[in-house]
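Residue numbers (the numbering used here): 16 to 268.
Presented below is the structure to which this report refers.
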């Protein structure tokens with residue numbers, strides 16, 4: 016799956032807002048070691064460095080393109096190319112912060128307790144993930160991918176997934192001194208001829224476009240654009256409202 020940093024950053028402010036809300040809930044005054052897990056192009060990494068300028072900041076991502084975009088923006092930080100599923104820090108961090116990354120990975124029942132165990136005593140695991148998989152936008156993508164015209168080409172495509180909030184509670188609560196869980200719906204105000212499609216092309220659609228030729232990509236996008244325009248019509252001012260659910264957790268070891 017090839018990430019495109021510039022396309023992802025097309026909605027940089029909107030994508031950053033959940034990270035800012037998560038950051039506000041971190042109960043650590045001065046962590047020494049902070050990891051941005053799934054750091055992408057480094058926009059959240061910069062937030063962390065601004066909050067804790069004395070901390071050793073490390074960004075970890077599986078995309079070389081994203082890290083290439085991130086490094087020049089924060090030269091004092093460390094950046095590592097790594098698969099989160101197998102990543103182990105050289106030193107136990109005080110904070111593992113992950114914004115919109117872990118939903119791409121399977122086996123959360125093993126992953127989340129493992130990440131918690133990597134923390135220093137008193138450390139914090141802070142996670143935000145999309146919880147929008149039952150929304151019309153995501154349902155339309157799955158239905159289109161399963162249609163006869165596309166099913167054979169998109170058998171391996173998936174958009175990620177999350178567990179229920181009670182599942183994360185049961186996974187983490189026995190190992191935590193404190194655990195906060197919450198969700199928020201962000202009503203994105205988008206504009207343009209195909210704004211929801213533009214939003215989805217930066218993230219959710221990537222695994223569906225990757226197996227296709229350029230011509231097939233254009234055909235899929237055109238078909239999906241029509242369906243999304245019907246599901247999310249603009250109002251009289253030309254604004255399209257796109258509600259997006261996010262789930263959050265802050266676990267203190």
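Idealized CB from N, CA, C, for every residue including glycine.
When the beta-carbon positions are compared, residue 211 and residue 243 come within less than 7 Å of each other. Counted as a single uninterrupted DSSP element, the stretch harbouring residue 133 is not any beta strand (DSSP E), since DSSP gives it neither H nor E.
Between the beta-carbon of residue 116 and that of residue 62 there is about 15 Å, and that puts the pair past the 8 Å contact cut. Straight-line spacing of the CA atoms in residue 177 and residue 68 works out to 32 Å.
In this model, residue 187 and residue 89 are separated by some 32 Å (Cα to Cα). Taking C-beta separations shorter than 6 Å and ignoring five residues to either side along the sequence, the partners of residue 138 in its chain run 109 and 268, following chain order. Secondary-structure assignment with DSSP links residue 197 through a beta bridge to 263. Looking at the DSSP output, residue 48 sits in a beta bridge with 71.
7 Å or more divides the Cβ of residue 195 from the Cβ of residue 142. A Cβ-Cβ contact shorter than 7 Å links residue 169 with residue 160.
For residue 114, the enclosing beta strand (DSSP E) starts and ends at 110-114. Only residues of its own chain outside the window of five on either side were considered, and among them 48 have a CB closer than 7 Å to the CB of residue 106, listed in chain order. The C-beta distance from residue 235 to residue 227 rounds to 6 Å, short enough to meet the 8 Å contact threshold. For residue 96, DSSP records a beta bridge to 76. Counted as a single uninterrupted DSSP element, the alpha helix (DSSP H) harbouring residue 212 occupies residues 210-216. DSSP places residue 160 in the helix class (H, G or I) of the three-state scheme. Residues of the same chain with a CB within less than 8 Å of the CB of residue 166, apart from the 5 flanking positions on each side, are 160 in chain order. With fewer than 16 other beta carbons inside 10 angstroms of its own, residue 185 counts as exposed. Secondary structure at residue 205: strand, using DSSP grouped into helix, strand and coil.
In the DSSP assignment, residue 232 is bridged to no other residue. Taking residue 31 as the centre and dropping the five residues before and after it, the same chain places the C-beta of 58, 59 and 62 closer than 8 Å to its C-beta, in chain order.
In the DSSP annotation of this structure, the continuous segment of the alpha helix (DSSP H) that includes residue 65 starts and ends at 58-66. Proximity of the segment 202-210 to the segment 252-266 meets the contact definition, three or more beta-carbon pairs being nearer than 8 Å. Beta-bridge annotation (DSSP): residue 143 is paired with 114 and 263. In this structure, the straight-line span from the alpha carbon of residue 54 to that of residue 182 is close to 25 Å.
Distance from the Cα of residue 245 is smallest, within the candidate group 151, 102, 206 and 133, for 151. By the Cβ-count criterion, residue 222 is buried, with 16 or more other Cβ atoms from all chains shown falling within 10 Å of its own Cβ.
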